[in-house]
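Here's the structure we're looking at; comments come further down.
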Amino acid sequence: MPRAIGQLTSLRFFAALAVLLSHLAFLADNQNPAVKWVYDNLFFEGYSGVSFFYVLSGFIISHAYGDRIRHRHISAGAYFAYRMVRILPLHWLVALPFLAWLLLIKNEAPGITTILLNLSLLHAFAPQSAIHYSLNAPSWSLSCELFFYLMFPLLVMLRTRTLATLAAGGIALIATAAAYWVLKGNQPSAMAEWFFYLNPPTRLVDFAAGMLLYRAARAGMYRDQSGTALEIGLVLLIPLLMVVCHQMDVPMPFRWQLAYLPAMAALVLVFAHGRGAVSRILKAPLPILLGEASFALYLTHRPVITLAKQISDRYLSSQWDVVLAAALLVGCVLLSLLVFHFIDKPVQRRLRLMVARFEQRTRPRGRTRDQTRTLAQARTRALAMSAPALVTIATVAFATTQQSAPLSASIATVGPAPATRVGVNLFGPETYNRQQVFTNLIAQSEWFTAEGDGWTRMDDRQLDALGWVKYLKPGQAAPRPLILPPSPFRRVAVRCVFLGEGELSTGGIVEETDRGSQFLDFDLVSQGGADEGAWIQLDRTNPANPLRNIDCREKGRPAAEMFHPEFVKFLQGFAVIRFLDWQMINGNRGGVWAKRTPAAYSSQIAKEGVAIENMIRLANEAKVDPWFLIPYNADDEYIRNFARMVHDRIAPERTVYVELGNEVWNDMFEAAEQAREEGLKLRLDPAGDPTRAQMRRYAQKSRNVLQIWTSIFADRPEKLVRVVSSLNVYPDLAKMILEYEDTARWVDALATAPYIHLDLADRGQRDVDWVYSRLNAAIDETIDYAVQNKAIAASYGKRFITYEGGQHLVTTDMPLAYGVQRDPRMAAVYERYLAAWKAKLGDLLMLYASTAPIGEYGSWGLREYAGQPLAQAPKERVVRQFLEDLDQ
């Protein structure tokens, strides 16, 4: 075996480190602009480390096995066994425990075909991201290495000119395909990523380049030019190239491979000569040790990052992300050293010894040199030529055993509608909606000012960046309502803790029990009244050290617990939760990333509603799929950062739904009026039809949002559902949206809101019996319209789902409202409605809404308040039984 090239071994560590840094995606959302810049411009581009690995692989395999194979000093079987011994054991070591965790803990796992393809290192040949990124995502690159190993005995026999011609031809073909992709206006997609980044035949170009570099180095090319200056220049060139690629927005089909290939090739060639000071440093024992452990670092870091981020999201705020990143960097490197020393190295030694013994037993004897050389060439060529056939057979087997799947994330295709599933829209978390969402009792309210007899909302100028009061004016106090615990309760002990200097008092159904400089204890004492309330009041605060970080929670509740257990339990059983009211979308505000609600903001009903981080955390904790809405006026930075945050923080088993705005067809909302005005101004309908212009503008802006989300979810497109919504009773609107330009290409599902609706405006002629005598017909009518919309969706190959649904009985006649909503016949209405949906439509039904009192603007809640007995909540009772029967 030729001697190792120490400086190249050391460089492997830095390539693996670059890949690790690219997976610290949570840094992209950091509030510190410098941290965000470093991630976006440098760390994100760390995927280029794979190009270095492939070029280096071609160089090192040529160095280690080229002459031995050509002169038949090693058998084909022994050569291949040595290479498999290098990559398979550690791959299985990481993949199999994760598979066991999926089966035993999560009670879910990929299909048997996916598992077999992964464990046999054939998974990167599959275009579907669920396969090539299965188990341990970085292991896809080992599929490419397997392909390289199989092709090497053929390639090593080629003359240098022939090999160079083939490599240049491959580069030209890839560049042509990338240029065609970009000129066609295509966005990055799962198919593009697979073809230009993961596809083993595409990446063979990198490997062939490494083989050519070895021949060049062996011939002494550029040896005299290599030295300290050139080594330092190349070390600086790589990060500079990363910044240039990001700042110039070089299209991803070029960045995934070709943009970095020349620099990586130069790096390998110059450092192979090892004539500079940097090479001398890299030949030291510690860098070489890190390089030897780089394979362990490459395979173990992603599971560690994923686990650590899930834990940190539960216990730490995003302010700790930089510390977390540094800890992960150190921790992953130390873990790789341990894995290398105690597992990888001993296993390698044992297995390589076994292969060596096998090689000795099978080495042919008694042939002349010429006979040996001729026979060796024939055998190695036969072996190499069989490799593509083996891969083709495996790929064909894969195709015949897998379900048909879309080859591009940008073109959605559907088969039969999925089974019926039920989700729920979350009503706003304001205190008057009588649902404790957050364990902190003040998170669902805002500061007011008490001056005289009334309360008015506090001036934002008196609040700091996280919503805490900076100062009080003379004679001013600042009350803040508390959300009451779920009913029924009689006495609940509460402790408020805080930082800073000041004084708190209480009001409402509160009995104070103790206080100190950093805490306040009291009991909430309920008499069962519907109008009961409680609040704390800031009476004094020191502007130099304001009273802040107030956390009031029931005694005994964990400090790290964000969501009240009763609320989380209520959500479990539903398939999807939609965050319409949590995001305050109907107010047509928001869309600037720097102005969004921070996760640690004191009020989660202020600014732009609940923080994105907290919505993601709820979906993960409740184990339900989230449905996010993008503000109509969101800019591309907001859309992209939102998508990236969801992609990086949501549990991998969750499916994410996304849409632009809410009911942009509904002229009651500002976004609809804006869309109409913009559509007419842009002359999107030549005939000047305002409705068509409005829908086309909505389609146009939806397409932009969905394209960006598609690019972010390119690694798992099956976990993203891209939605456009329309008016259920006006099916032609759906056609206007889907037929406009290529909008349908970026859509997975059409959604409407098939409400059970009656006009209750004429109170003089309406009573409870009159309402119930007409609800069956109302159900039939709304379902019939839904069937028409489903047919339109199907004509475009899309799913049909709902974004809202249920009863829509609105009246200012409160006795009538109470009578209708609390009538036992409401249960039969929901039974008929749910049965009709399941029988005629199927797929996802999103009910509106979770918990809300009966009111003059609607009685939307499945229940009126948290803790309401099912016997008193006919809508929730029927829905719970339906969910149980579905067993979703």
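At position 217 of the sequence shown the residue is numbered 653 (the working numbering), and the sequence of numbers has no breaks.
Using N, Cα and C, we set each Cβ at its ideal position, and we do this for glycine too.
For this session: May I ask you to report which of helix, strand or coil DSSP gives Ile-510?
Result: coil
Exercise. When the distance is taken between beta carbons, is Glu-1240 closer than 7 Å to Ala-1189?
Worked result: yes
Problem set entry | Contact the segment 1144-1159 vs the segment 1063-1079: 3+ CB pairs below 8 Å | yes
Problem set entry | Distance, Asp-967 Cα to Leu-1163 Cα | 37 Å
Exercise. Is Trp-1273 closer than 7 Å to Leu-1281 when the C-beta atoms are compared?
Worked result: yes
For this session: Give the C-beta separation of Pro-689 and Ala-628 to the nearest angstrom, bearing in mind that I take them to be a contact with Cβ-Cβ under 8 Å.
Result: 6 Å
Problem set entry | Neighbourhood of Val-611 by C-beta, 7 Å cutoff - its chain only, sequence neighbours within 5 removed | A small correction: the amino acid at residue 611 is Ala; Val does not occupy that position in the sequence shown. Counting only Cβ-Cβ distances below 7 Å, and skipping sequence neighbours, we find Leu-694.
Exercise. Where does Val-704 sit, in a helix, a strand or coil, going by DSSP?
Worked result: helix
For this session: Could you tell me the distance, in whole angstroms, from the CA atom of Ser-715 to the CA atom of Tyr-515?
Result: 29 Å
For this session: Give a yes or no on whether the C-beta atoms belonging to Lys-1137 and Leu-1186 are separated by under 7 Å.
Result: no
Exercise. Is His-1083 helix, strand or coil by DSSP?
Worked result: helix
Exercise. Is the beta carbon of Leu-670 sitting closer than 7 Å to the one on Leu-640?
Worked result: no
Exercise. For the candidate residues Leu-726, Ala-566, Ala-879 and Leu-789, whose alpha-carbon lies nearest to that of Met-998?
Worked result: Ala-879
For this session: Could you tell me which residues DSSP pairs with Asn-1077 in its beta bridges?
Result: Partner(s): none; Asn-1077 has no beta bridge.
Exercise. According to the Cβ coordinates, are Tyr-416 and Ala-1214 closer than 7 Å?
Worked result: There is simply no residue 416 to check, as the chain begins at 437 and stops at 1324 in what is shown.
For this session: Taking Arg-1158 as part of the beta strand (DSSP E), name the residues at either end of that continuous run.
Result: 1156-1161
Problem set entry | For Ile-1192, the three-state DSSP class (helix, strand or coil) | strand
Exercise. Considering Ile-747, what are the terminal residues of the beta strand (DSSP E) in which it resides?
Worked result: Run containing Ile-747: none in the beta strand (DSSP E); it sits in the alpha helix (DSSP H), 730-751.
Problem set entry | Distance CB(Met-1131)-CB(Leu-1169) smaller than 7 Å | yes
Exercise. Using the rule of at least 16 other Cβ atoms within 10 Å of the residue's Cβ for burial, across every protein chain shown, is Arg-989 buried or exposed?
Worked result: buried
For this session: Could you check the C-alpha separation between Pro-1167 and Ala-1263 for me, to the nearest Å?
Result: 29 Å
Exercise. Should Ile-551 be labelled buried (16 or more other beta-carbon atoms within 10 Å of its own) or exposed?
Worked result: buried
Exercise. Does the distance from the CB of Pro-739 to the CB of Gly-1303 come in under 7 Å?
Worked result: no
Problem set entry | For Thr-596: DSSP bridge partner residues | Paired residues: none, contrary to the question.
Problem set entry | Validate contact between the segment 962-980 and the segment 1019-1029 using beta carbons, cut 8 Å, 3 pairs | no
Exercise. Where in the segment 1236-1300 do unbroken runs of the alpha helix (DSSP H), each at least 4 residues long, occur, reported from the N-terminal end onward?
Worked result: 1250-1258 and 1261-1276
Exercise. Using CA coordinates, which residue listed in Ile-1192, Pro-1126 and Leu-960 is at the minimum distance from Leu-920?
Worked result: Leu-960
Exercise. For Pro-698, which residues from the same chain have a beta carbon less than 7 Å from its beta carbon, with the 5 sequence-adjacent residues on both sides left out?
Worked result: none
Problem set entry | Under 7 Å between C-beta atoms of Ala-464 and Gly-482 | no
Exercise. Considering Gly-898, what are the terminal residues of the alpha helix (DSSP H) in which it resides?
Worked result: Position check: residue 898 holds Gln in this sequence, whereas Gly was assumed. Neither: Gln-898 is in no alpha helix (DSSP H) and is coded neither H nor E.
Problem set entry | Member of Asn-1050, Glu-1044 and His-1244 whose CA lies at the smallest distance from the CA of Ala-1036 | Asn-1050
For this session: Measure the CB-CB distance between Val-860 and Leu-1283 and report whether it falls below 7 Å.
Result: yes
Problem set entry | Inter-residue spacing [alpha-carbon to alpha-carbon] between Asp-1321 and Ala-1309 | 19 Å
Exercise. How big is the Cα-Cα spacing for Ala-1253 and Leu-1245?
Worked result: 8 Å
Exercise. Could you give the uninterrupted runs of the beta strand (DSSP E) lying entirely in the segment 915-959, keeping only those of 3 residues or more?
Worked result: 927-935, 938-944 and 946-952
Exercise. What's the call for Met-700, buried or exposed, on a 16-neighbour Cβ count within 10 Å?
Worked result: buried
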